[in-house]
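Single-structure report; data block below.
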Amino acid sequence: MLAAALLLLALLSASTPSPVRAQAAGAPAPTVSATEVEVIFWNSVKDSNDAALLRTYLDRYPSGAFAPIAKLKIERLNAQAPLTPSDRAGEEPPLSSAQSYGRQQVLRATLGGSSGRGVLGVRGQTLDAFWQIAIGPEAKGVIVWELVPGGAAAQGGLRLGDIVTRIEGHDVATMADVARLVGQAGAGKEVALQIWRPDGDYKTFVARLTSRANKQDAHAALALANLYQLGIFGSKDVPEVLKWQRKGAESGSMAAMVALAATLGASQGPEREKNLTEALRWLRKASEAGDPRAMYPLGAMYASGRGTGKDEAEAARWYRKGADAGSPDAMAALALAQFNGTGVAKDEVAATALLRKAADAGNAFAMTMLGAAYADGRGIPKDEVEAVRWYRRAADAGDNEGIYRLGWAFNNARGVPKDDVQAMNNFRRAADNGLAAGMVAVGDLHAGGFGTPKDDAEATRWYRKAADAGDTGAMYTMAIRSEFGLGATKDSEAAAQWAIASVKGGFEYARTQLIAEAGKWSDDFRRALQRKLKEEGHYAGDIDGRMGGGVKEALDRLAKSQTVSP
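Here the numbering used here = 1-based position in the sequence shown + 2.
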């Protein structure tokens, strides 16, 4: 999950919402409560050394919870580097209004979904300060960066880059608002989506941003990079993303440095190692300048050895720095290191305390892991009811692992009464969000007829989806179902291919059971398996269907290759 978080940075931006510690050293404590969207907005500007960026917070929240801190930081920045009239003369004026470059319109979409809850089929990002500077002070809502093909949003005419401002007349500020409103509306319900869409398919807007970015406006450069990342002109344009992120980074924007590092870190191909090295350099530069957003991904690179030698102690050091600076992502990463004793002394009590701090700051992954700590009694007294409470919070915050674990709790009556329908609802939600474990669970319930009528064909369809998503256990399940014609046409050749993929992916159970239960497989399957092992270069014996020592040794060698190839 933490590795996925780093990849997610590449899909969003350096200012990915992640609520952090609100009070700066020496600053007055907030005197009013902050809404979730205000916290997200504050997090996107609070570490900036740009007074203009901090002023965007005051423009939107003049009496906000963090207004005293923002004013104090602006005063300090102005005292350090006051602008002279000649400095101001060269500035380009900000975009005056969102309405100047786009228009409001209403679309209608018929919601999809299962088990009664509506699903829009969209993912997006809360508008933070960078978007407000780029679009205008009136800009509010969620910018769309992913559409499910054929989903309700796509069929209703929503486009990448559209900003959803209201659903059925209710204001939208976060993706949680979107999920809540469409979920309550229900599957099959037609809903009104109020959106803001730039004029001219973004061309006028992009031209203005380009002019500003070429004058060293890092905010405009980062906004441009985000738009090209969204693929607003047909497809994601990685070279343009890198160009504008690099321009922003070279202008001194730490947010752009983190965004650039994320894009470089997600790259593939012959330039991958070079890009990883550059990503490490930008993350280190931003981290050493004190930006907590960079400290977690920098630690993650050291933990994985990507772009540098693997160094778990150095990873933990940066996680700790990030945690001390208030990064919930870093807190969660450090907690996992403490649970496992990787790079730091094992300390489950301290780990649980950190998870609670990160969870209280809004980190959904930490909520899930805190629930798991309660479920297992790690660093805290075992309490399955409390575990479920945290799984619910994580699920409400959109964490797929939390959604899955909530389904597991219902399925196994752990902390809640057994409820196969609720189990199916949660497993299906996790599966629809792309979690392979959720797909397997949905397949299991269809295969057993739990919470839904028994349906072998539907079970096999979900197992195949999980296998295609890389789940090696599901690959072995597909081998069995293909061999014995369970919900699919009997196909020993396909079964052998799935078995090979499962073993090659490191699924130990498949490797041992293929030999231990050799007599249960057909002769056609055993011969197909031998042929495929020979094609892989691990078997030199006869294609005779005998599962002897030569086949066992070939499977052992295949397992060591550790490369999934379904």
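Note that beta-carbon positions come from the ideal geometry of N, C-alpha and C, so glycine has one too.
If you're wondering where the values come from, they're calculated on a predicted model, not measured in any experiment.
**OP:** Indicate whether Ala-512 and Val-505 have their beta-carbon atoms separated by less than 8 Å.
**Re:** Within the sequence shown, numbered from 1, the residue matching residue 512 stands at position 510. Within the sequence shown, numbered from 1, the residue matching residue 505 stands at position 503. Going by C-beta atoms, Ala-512 is nearer than 8 Å to Val-505.
Original post:
Between the Cα of Arg-416 and the Cα atoms of Leu-162, Arg-199, Tyr-376, which residue gives the shortest distance?
Top reply: Within the sequence shown, residue 416 is the residue found at index 414, counting from 1. Of the candidates Leu-162, Arg-199, Tyr-376, the one whose C-alpha sits nearest the C-alpha of Arg-416 is Tyr-376.
**OP:** Report yes or no: do the region 379-386 and the region 397-405 share at least 3 C-beta pairs separated by less than 8 Å?
**Re:** Segments in contact, no.
Original post:
Alpha carbon to alpha carbon, what distance is there between Gly-307 and Met-171?
Top reply: Taking the sequence shown and counting its residues from 1, one reaches residue 171 at position 169. Taking the sequence shown and counting its residues from 1, one reaches residue 307 at position 305. The question names Met, but residue 171 is Gly in the sequence shown. Straight-line Cα distance between these residues: approximately 49 Å.
Original post:
Which word fits Thr-491, buried or exposed, when buried means at least 16 other C-beta atoms lie within 10 angstroms of its C-beta?
Top reply: The residue labelled residue 491 in the question sits at position 489 within the sequence shown. So Thr-491 ends up on the exposed side.
**OP:** With a 10 Å radius around its C-beta and 16 neighbouring C-beta atoms as the bar for buried, classify Asp-546 as buried or exposed.
**Re:** Position 544 of the sequence shown, counted from the start, is the residue given in the question as residue 546. Per the 10 Å Cβ criterion, exposed.
**OP:** Answer yes or no: do Gly-440 and Ala-449 have a C-beta to C-beta separation smaller than 8 Å?
**Re:** Mapped onto the sequence shown, residue 440 falls at position 438. Mapped onto the sequence shown, residue 449 falls at position 447. No; because the gap between Cβ atoms is not below 8 Å, this pair is not in contact.
**OP:** Please name the residue or residues paired with Thr-128 in a DSSP beta bridge.
**Re:** By 1-based counting over the sequence shown, the position of residue 128 is 126. In the DSSP output, where bridge partners are listed per residue, Thr-128 has Val-144.
Original post:
What number of angstroms, rounded off, separates the C-alpha of Ala-335 from the C-alpha of Arg-529?
Top reply: As a working note, residue 335 is residue 333 in the sequence shown. As a working note, residue 529 is residue 527 in the sequence shown. Taking the straight line joining both Cα atoms gives about 47 Å.
Original post:
When the Cβ atoms of the region 347-354 are set against those of the region 322-335, are three or more pairs found closer than 8 Å?
Top reply: no
Original post:
When the Cα of Gly-292 is compared with those of Arg-110, Arg-322, Leu-129, Ser-269, which residue comes out closest?
Top reply: Taking the sequence shown and counting its residues from 1, the one referred to as residue 292 is at position 290. When each option's Cα is compared against that of Gly-292, the closest is Arg-322.
Original post:
Does DSSP put Ile-609 in a helix, in a strand, or in coil?
Top reply: This structure cannot settle anything about residue 609, because the visible part of the chain is limited to 3 through 568.
Subject >> Same chain, Cβ closer than 6 Å to Gly-453, neighbours up to 5 away in sequence not counted >> reply: Mapped onto the sequence shown, residue 453 falls at position 451. The residues are Asp-422, Val-423, Ala-425, Met-426, Leu-447.
Subject >> Residues near Tyr-298 by beta carbon distance below 7 Å, same chain, minus five either side >> reply: In the sequence shown, counting from the first residue as 1, residue 298 sits at position 296. For Tyr-298, where only same-chain residues beyond five positions count, the Cβ hits under 7 Å are Tyr-321, Gly-324, Ser-329, Asp-331, Ala-332, Ala-335.
Subject >> Distance, Ala-368 Cα to Ala-318 Cα >> reply: To locate residue 318, count along the sequence shown from 1; it is residue 316. To locate residue 368, count along the sequence shown from 1; it is residue 366. About 17 Å.
Subject >> Simplified DSSP state of Leu-195, which is helix, strand or coil >> reply: Against the sequence shown, residue 195 aligns to sequence position 193. It is a strand residue.
**OP:** May I ask you to verify whether the region 108-119 touches the region 145-163, counting CB pairs closer than 8 Å and requiring at least 3?
**Re:** Judged by pairs of C-beta atoms under 8 Å, the region 108-119 touches the region 145-163, as three or more such pairs exist.
Original post:
Near Leu-535, which residues of its chain fall below 6 Å by C-beta distance, leaving aside the five closest residues on each side in sequence?
Top reply: For the purposes of this step, residue 535 is taken as residue 533 along the sequence shown, with counting starting at 1. Excluding residues within five positions, the ones whose Cβ falls inside 6 Å are Tyr-541, Ala-556.
Original post:
Residues in its own chain within less than 7 Å of Gly-123 by CB, not counting five upstream and five downstream?
Top reply: Counting from one through the sequence shown, the residue named residue 123 turns up at place 121. The residues are Gly-114, Leu-149, Val-150, Gly-153, Ala-154, Ala-155, Ala-156.
**OP:** Would you decide whether Pro-200 is buried or exposed? Buried here means 16 or more other CB atoms lie within 10 Å of its CB.
**Re:** Here residue 200 refers to the residue found at position 198 when the sequence shown is read from its first residue. Buried is the call here.
Original post:
Taking DSSP as the reference, what is the three-state secondary structure of Val-418?
Top reply: Looking up residue 418 in the sequence shown gives position 416. Looking at Val-418 - three-state DSSP - the assignment turns out to be coil, as it is neither helix nor strand.
**OP:** May I ask you to report which of helix, strand or coil DSSP gives Ala-111?
**Re:** For the purposes of this step, residue 111 is taken as residue 109 along the sequence shown, with counting starting at 1. Secondary structure at Ala-111: strand, using DSSP grouped into helix, strand and coil.
Subject >> Contact between the region 174-186 and the region 211-227 (3+ Cβ pairs under 8 Å) >> reply: Verdict: no, contact absent.
**OP:** Could you tell me the boundaries of the beta strand (DSSP E) in which Ile-165 lies?
**Re:** Working through the sequence shown from its first residue, we reach residue 165 at position 163. Taken as a continuous stretch (DSSP letters only), the beta strand (DSSP E) holding Ile-165 covers 165-169.
Subject >> CA nearest to the CA of Glu-242, picked from Gly-250, Ala-251, Gln-231 >> reply: For the purposes of this step, residue 242 is taken as the residue at position 240 of the sequence shown. Looking at the Cα atoms, Gln-231 is the closest of the given residues.
Subject >> Closest residue to Ala-443 among Tyr-465, Asp-458, Val-260 (Cα-Cα distance) >> reply: Position 441 of the sequence shown, counting from 1, holds the residue named residue 443. It is Tyr-465.
**OP:** State the DSSP-derived secondary structure class of His-540, mapped to helix, strand or coil.
**Re:** Against the sequence shown, residue 540 aligns to sequence position 538. It is coil, neither helix nor strand.
Subject >> Classification of Asp-164 by the beta-carbon crowding that lies within 10 angstroms, buried from 16 upward >> reply: Translated into the one-based positions of the sequence shown, residue 164 becomes position 162. Per the 10 Å Cβ criterion, buried.
Original post:
Mind checking Gly-489: buried by the 16 CB within 10 Å criterion, or exposed?
Top reply: As a working mapping, residue 489 is identified with position 487 in the sequence shown. With 16 or more other Cβ atoms within 10 Å, it is buried.
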